[in-house]
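Protein chains: 2
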Amino acid sequence: MASYASLTKEQLATEKANLQKQYNAFKELGVKLDMSRGKPSVEQIALSMEMLRCLTPEEILKAGNYGILDGIPAAKKFFANLLEVQPENIIVGGNSSLQLMYDTIARAMQFGIMGNQPWSKQEKVKFLCPVPGYDRHFAITELMNIEMVNIPMDENGPDMDQIEKLVNTDASVKGIWCVPKYSNPTGITYSDDVVRRFAALKPAAPDFRIFWDNAYVVHHLSDEHDELLNIFEECKKYNNQDMVYEFCSTSKITFPGAGVAAMAASESNIKWILKLMTVQIIGYDKLNQIRHCKYLKSQEFLTEHMKKHAASIKPKFDIVLDYLDREIAPLEIAHWTKPKGGYFVSFNTMNGCAKRVGELCKQAGVTLTGVGATFPYGIDVNDSNIRIAPTFPPVEELEQAMQLFCICVKLASVEKLMEE
Amino acid sequence: MASYASLTKEQLATEKANLQKQYNAFKELGVKLDMSRGKPSVEQIALSMEMLRCLTPEEILKAGNYGILDGIPAAKKFFANLLEVQPENIIVGGNSSLQLMYDTIARAMQFGIMGNQPWSKQEKVKFLCPVPGYDRHFAITELMNIEMVNIPMDENGPDMDQIEKLVNTDASVKGIWCVPKYSNPTGITYSDDVVRRFAALKPAAPDFRIFWDNAYVVHHLSDEHDELLNIFEECKKYNNQDMVYEFCSTSKITFPGAGVAAMAASESNIKWILKLMTVQIIGYDKLNQIRHCKYLKSQEFLTEHMKKHAASIKPKFDIVLDYLDREIAPLEIAHWTKPKGGYFVSFNTMNGCAKRVGELCKQAGVTLTGVGATFPYGIDVNDSNIRIAPTFPPVEELEQAMQLFCICVKLASVEKLMEE
């Protein structure tokens, strides 16, 4: 099949009828698949089973009591290694990095950051949001009534010209959401130049913070890794160490929902946060911290462990990309990313087609991430971006889902072209 | 020895010299004991060891993924039974009921309760604080800049005349901190009449809430239990179901710091809370919930399990009370509670002596709960209340600590009497 753009009205009509037939046939299968979230599969969960039975009675007795707000030393060391910072830069949290992010912003709203006025007392607070991005980030800033400003992304990261202009001149810009490695959903990793320009920002607001959500720090798909510069090291060159909060978790290393989350920041930031956090909680679950440290015993073990995850995930990404290359590429109706890690493929339809693709998929039993969800306020002005999350379904179901997805993309595109 | 009040100046001087000698002798032992917090002992932690290895691979695989914001059905049922409410009235949290309380107040401050104006937008917000009470409650309201109003307690609970007057007439009174069963630190349980009067309140503020921290709901010291009326049942009689948030956790049932916390509230409250909470976290640690539900398999098992805790704790309470009865009672210089459950004995010195007792203990190596901590802002105007936490130290250490404690109480009292 040639590019859809080259087809005549009649050819398009024939193609549409043909696609409609395929779509109806699929619909009759009555499948029910959920591809809406970036979830590890059952196979991946099985990888860490041993962890849940690894604690000895002695270890439990030694550690089982209240206390240690910022995490046990072994856990602080583990995350310090992971994020290439010092243990004194780490706060170990509960099972959710999202909760650490929410709480960090909630504290900024209510109490301010390091002696600055609480954000809730300021006339306007803005966050920059590289797009497409992570819907749960945007949900936090939306709930807090923080105005979100879209920043376009390319294969090197967000548009740094715009970011520099806004951050360095507008004191109401208090933060930016970043997933710097294997970005959600585009899968790209910020280039060295982008990281350096972040580190060199001269924010108009003293309480401006980069929310550096390093969710996929060791989540490679193969031995061919992306490398991300250590932003803290770069920041030191500009005396900007206080400007970054980094987040991560083991949710996609061990157990989604039962992992351990952590944040990294300068010692001044950590001190300020702990002074407030100590009123909220005596300490997060230490037994889960010990379990994790014991099971993920070394950097070498972690590397091998993540290769097992990759072995489970990579074939699924290949299925997605093979389908798209085979079925969609020749038609020149969409473009997408080919990530080297993370949990998503970011797919862009012709403008004005994404919602229709989502509807068509849903009506035939396949739930995608809500179309628009990758943008603040759920508004993708181009109606183009769709986040494909291939990790959760078993291979056979994923094949089915991609078959349907391709039919729907084609159908929506033909419909669109026929309107014009 | 007779009542200190009956002694002459000379007799007091002799007693003081004698006590000073005993105190110095103790000091030379160089002991180092911490009785500052209500912590379970190592022996108690050992009771639940089996729980940490009870999950089967099937259970893990089935439940190990993201999701379920309000808790797994089995955990909701467990806490519903514990608090005598329905599962739909339960939100299961992380490892900390304190965190649930903090977050509940933080949300009220920032977003308001069920459509009412956020507390942070109101000119003044007050909380009533029955005293003596729990320092970590007071720390939350102090941090939030909520004005705390002391309410005296007796053996039936807080002074309901004062509470009714304040709650029913002053719309800036938004909450009250209660530990209704085996109260921290007095150990008393609110009488039926007190609970009924709580339920019948007619708050001036529509967003007034009772923070009912039922931390010691099944934490009896022997078969002779206190009984607490179900406040939700009573509230229904006055159409006041929305007025109560109840909290609890398994921290002192299974593992301090690695238990499961929960809150109970009316369905309208739960709905409002979940709508906000879903932005903060995808779900709390479900594997820990499953572990708990599987291990604490029935109400009968729980009852037997708590008897084992009691068997470990009761002898420690007996040591404390025996020392006080033997060493202090005849001197008529203090009074204290004899609780049937919970984690504390509340001890009251002669006015103006508590701080001095704390200092003397500390200098000789025994750390008590910070004197004053049982009052808002750390201010015990009578300088009288001391919280004794007997559960954590082994019996021999507790004996030592009580020996010192009695010497210090006597010494501080003699010093005080000689001033007069």
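Residue numbers (the working numbering), protein chains in the order written: chain A, 18 to 437; chain B, 18 to 437. For glycine and all other residues, C-beta sits at the position ideal for the given N, C-alpha and C.
| Query | Result |
| --- | --- |
| Can you confirm whether residue 139 of chain B, when its beta carbon is compared against all beta carbons of chain A, has any partner nearer than 8 Å? | no |
| Our contact map puts residue 133 of chain A next to residue 223 of chain A with C-beta atoms below 8 Å; I'd like the distance itself, whole angstroms only. | 6 Å |
| Quick check: the stretch 144-156 of chain B against the stretch 142-155 of chain A, are there 3 or more CB pairs under 8 Å? | no |
| Tell me the residue span of the beta strand (DSSP E) that contains residue 12 of chain B. | Residue 12 of chain B lies beyond the range of chain B shown here (18 to 437); nothing can be said about it. |
| Please report the residue range of the alpha helix (DSSP H) in which residue 269 of chain B lies. | Where residue 269 of chain B is concerned, there is no enclosing alpha helix (DSSP H), given that its DSSP letter is neither H nor E. |
| Taking the beta carbon of residue 84 of chain A as the centre, do at least 16 other beta carbons fall within 10 Å, making it buried, or is it exposed? | exposed |
| Give the residues of chain A in contact with residue 296 of chain B, contact being defined as C-beta atoms less than 7 Å apart. | 119, 156, 157, 160 |
| Considering only C-alpha positions, which residue in the set B:21, B:235, B:196 is nearest to residue 391 of chain B? | B:196 |
| Per DSSP, what kind of secondary structure is residue 226 of chain B in: helix, strand or coil? | strand |
| Once you ignore the five residues that flank residue 278 of chain B on each side, which residues in its own chain have a CB closer than 6 Å to its CB? | 110, 113, 114, 117, 266 |
| What does residue 418 of chain B reach in chain A if we use C-beta pairs closer than 9 Å? | Within 9 Å Cβ-Cβ: nothing; residue 418 of chain B doesn't reach chain A, min ~18 Å. |
| Take every Cβ of the stretch 167-182 of chain B, pair it with every Cβ of the stretch 204-214 of chain B, and state whether three or more of those distances are shorter than 8 Å. | yes |
| Chain A partners of residue 56 of chain B, CB-CB under 9 Å? | 82, 83, 84 |
| Identify the contact partners of residue 165 of chain B in chain A, using a Cβ-Cβ distance below 9 Å as the criterion. | Result: empty, since nearest Cβ-Cβ is about 14 Å, beyond 9 Å. |
| Cβ of residue 205 of chain B less than 8 Å from any chain A Cβ? | no |
| Going by Cα to Cα distance, which pick from A:410, A:426, A:425, A:406 is closest to residue 201 of chain A? | A:406 |
| Using only the alpha-carbon positions, how far apart do residue 291 of chain B and residue 160 of chain A sit? | 13 Å |
| If residue 274 of chain A and residue 303 of chain B are in contact, beta carbons under 8 Å, what's the gap, nearest whole angstrom? | 5 Å |
| Closer than 8 Å, CB to CB, is residue 300 of chain A near chain B or not? | yes |
| Kindly indicate which residue of B:249, B:157, B:129 has the alpha-carbon position closest to the one of residue 441 of chain B. | Outside the displayed range of chain B (18 to 437) lies residue 441 of chain B, so it cannot be described from this structure. |
| Within the 8 Å Cβ cut-off, does residue 89 of chain B reach chain A? | no |
| Tell me the DSSP secondary structure of residue 281 of chain A in three-state form. | strand |
| Give, in chain order, every residue of the stretch 255-283 of chain B whose Cβ lies closer than 7 Å to some Cβ of chain A. | 272, 273, 274, 275 |
| Just tell me which of B:363, B:380, B:330 has its CA closest to the CA of residue 64 of chain B. | B:330 |
| Roughly how far, in whole angstroms, is the beta-carbon of residue 422 of chain A from the beta-carbon of residue 362 of chain A, given that I think they are within contact range, below 8 Å? | Incorrect: roughly 11 Å between the Cβ atoms, too far for contact. |
| Between residue 53 of chain B and residue 404 of chain B, what straight-line distance do the alpha-carbon atoms span, to the nearest angstrom? | 8 Å |
| Given a limit of 7 Å on CB to CB distance, which residues of the stretch 356-380 of chain A reach chain B? | none |
| Could you compute how far the alpha carbon of residue 90 of chain B sits from the alpha carbon of residue 261 of chain B? | 22 Å |
| Against chain A, does residue 131 of chain B count as a neighbour if the rule is that its beta carbon must be under 8 Å from one of theirs? | no |
| Let's see if you can read the secondary structure: which residues bound the alpha helix (DSSP H) around residue 256 of chain A? | Premise fails: residue 256 of chain A is in no alpha helix (DSSP H) and is neither H nor E. |
| Have a look at B:166, B:213, B:334, B:240 and flag the residue whose alpha-carbon is nearest the alpha-carbon of residue 394 of chain B. | B:166 |
| Is any beta-carbon of chain B found at less than 8 Å from that of residue 303 of chain A? | yes |
| Residue 408 of chain A: which of A:256, A:350, A:179, A:333 sits nearest, CA to CA? | A:333 |
| For residue 290 of chain B, return the contacting residues in chain A, with the cut-off set at a CB-CB distance below 9 Å. | Ordered by position in chain A, no residue passes the 9 Å Cβ test against residue 290 of chain B, which lies about 13 Å from the chain. |
| In the DSSP assignment, find the beta strand (DSSP E) that holds residue 193 of chain A and state where it starts and stops. | 190-195 |
| Check whether the Cβ atoms of residue 40 of chain B and residue 313 of chain B sit closer than 8 Å, and answer yes or no. | no |
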